[in-house]
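For reference, each letter of the sequence shown is one residue, going 3 to 295 in our numbering. Here is the structure we will look at.
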Amino acid sequence: MLLVMKICNEVKFDVLVASHYGMCFGVKAAIATAHKIADKKTITILGELAHNATVKNNLEKKGAKHAKLDDHRSTTKHVIITAHGASDKERNRWTDLGYTVTDTTCPLVHKAHAALRDLVVSGYAPVVIGKAGHIEVRGLIGDFPTAQVVLDTGDVDKLNLMQSKIGVISQTTQQIDHVDEVIDTMRQKFPHAEIKFIDTVCRPTKERQNALVELCSKVNVIIVVGGVNSNNTAQLARKCRSLGSIAYHVQSPADLCSSWFKGITQVGLTAGTSTPDQEVELVKQKLIELSQQ
Ligand code: SF4
3 MLLVMKICNE VKFDVLVASH YGMCFGVKAA IATAHKIADK KTITILGELA
53 HNATVKNNLE KKGAKHAKLD DHRSTTKHVI ITAHGASDKE RNRWTDLGYT
103 VTDTTCPLVH KAHAALRDLV VSGYAPVVIG KAGHIEVRGL IGDFPTAQVV
153 LDTGDVDKLN LMQSKIGVIS QTTQQIDHVD EVIDTMRQKF PHAEIKFIDT
203 VCRPTKERQN ALVELCSKVN VIIVVGGVNS NNTAQLARKC RSLGSIAYHV
253 QSPADLCSSW FKGITQVGLT AGTSTPDQEV ELVKQKLIEL SQQ
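Structure, rendered in structure tokens:
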């Protein structure tokens, strides 16, 4: 099945858009909820709804404030937990302090929490493959003090596991092939342990990764749209490069440079899960203009 959509067939280069790209349903739903509440009262967002300046500015225009999830104090009475989720401990702390808490945790993050809980209840030593310190990972391990976090195969040596049963889940936005490599390394390092992996990489992440692989096989250059502080956007750009494509990470049409497309016949376009559709559209329109110049 063709996973890319051809949108332009002009003289200089074609622009192909990945079949899955951009903001996921979980982040969109969280932003919509925050706007709905911000229209009526002043809220504080505990973390970033999306790692994107436009998303942040649009809410701040409505008076929304931002605080850290573990600050435990806010100038407003109503606080919002983002789609990345939180531990029960953190969520209850805010409620116990008298704040009204709206929880916009993505259902697929809830699923990852439930998977880790099931593993712990079944006697597995908990391990999360993900970025230590990322808000989602902090939320996942927050209720399980013995949980350990690994990001790369190199981290596996640092794991301190004496148990015969090891239970592993992943941060929802990790690349599944990378997660599989870490699991393989763990199996080599702990050959006598039973390692149970529950795949919690979310469907939108997998769809975007698969679409990217297909796109890379069809184009010479890929434009990845997203905020500079967006980890998943940077991850998409890195993935393109690892597949041998030239990738540019841009935030807006102003970042596009016509010299990138000299002698190029096919340009791919994708975006991170925190990038609003409007920002991708603006870059797409600029690419179409450049392709016709
Ligand atoms: S990246 Fe996946 S888990 Fe995270 S908010 Fe989006 S859909 Fe949900």
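Note that beta-carbon positions come from the ideal geometry of N, C-alpha and C, so glycine has one too.
Measuring alpha carbon to alpha carbon, tell me which of 202, 22 and 44 ends up nearest residue 210.
With distances taken between Cα atoms, residue 210 lies closest to 22.
Write down every uninterrupted run of the beta strand (DSSP E) in the region 42 to 71 whose length is 3 residues or greater and which is fully enclosed by it, in chain order.
Qualifying beta strand (DSSP E) stretches, in chain order: 45 to 48 and 67 to 69.
Cα-Cα separation between residue 292 and residue 159, rounded to whole angstroms
Going from the Cα of residue 292 to the Cα of residue 159 covers about 49 Å.
Who are the near neighbours of residue 177 in its chain, counting only those whose CB is closer than 6 Å to its CB and skipping five residues on each side?
If we look at residue 177 and ignore the five residues flanking it on each side, its Cβ neighbours are 211.
How many angstroms separate the CA atom of residue 282 from the CA atom of residue 134?
A direct Cα-Cα distance of roughly 29 Å separates residue 282 from residue 134.
What do you reckon, is the C-beta of residue 205 under 8 Å from a heavy atom of the ligand SF4?
Judged by the Cβ position, residue 205 qualifies as a neighbour of the ligand SF4 at the 8 Å threshold, a heavy atom of the ligand being closer than this.
Check whether the Cβ of residue 86 sits closer than 8 Å to any heavy atom of the ligand SF4, and report yes or no.
Look at residue 86: its beta carbon is less than 8 Å from one of the heavy atoms in the ligand SF4.
Could you tell me which of 73, 239, 226 and 278 sits nearest to residue 289, measuring between CA atoms?
That would be 226, whose Cα lies nearest to the Cα of residue 289.
Would you list, in sequence order, the uninterrupted beta strand (DSSP E) runs of no fewer than 3 residues that lie entirely inside the region 58 to 135?
The region 58 to 135 contains, as complete beta strand (DSSP E) runs of 3+ residues, the segments 67 to 69, 80 to 83, 102 to 105 and 127 to 131 (chain order).
Classify residue 93: buried if its beta carbon has 16 or more other beta carbons within 10 angstroms, exposed otherwise.
Taking a 10 Å sphere around the C-beta of residue 93, we find 16 or more other C-beta atoms and assign the residue as buried.
Figure out for me which residue from 252, 263, 262 and 265 has the closest Cα to the Cα of residue 284.
Residue 284 has its Cα closest to that of 252, out of 252, 263, 262 and 265.
Beta-carbon gap between residue 78 and residue 106 smaller than 9 Å:
Residue 78 places its beta carbon 9 Å or farther from that of residue 106.
Compare the C-alpha of residue 61 against each of 32, 114, 74 and 246 and name the closest.
Ranked by Cα distance from residue 61, the first of 32, 114, 74 and 246 is 32.
Under 8 Å, with one C-beta from each stretch per pair, do the region 211 to 225 and the region 184 to 201 reach the 3-pair mark?
Short answer: they don't touch.
Can we count residue 48 as close to the ligand SF4, meaning its CB is less than 8 Å from some heavy atom?
With a cut-off of 8 Å, the C-beta of residue 48 is classified as distant from the ligand SF4, since no heavy atom of the ligand falls inside that distance.
Tell me whether residue 15 counts as near the ligand SF4, meaning its Cβ is closer than 8 Å to at least one heavy atom of that ligand.
Residue 15: no, Cβ never under 8 Å from the ligand SF4.
Might you give, ordered along the chain, the residues of its own chain that have their beta carbon closer than 6 Å to the beta carbon of residue 248, omitting 5 neighbours on each side?
Excluding residues within five positions, the ones whose Cβ falls inside 6 Å are 223.
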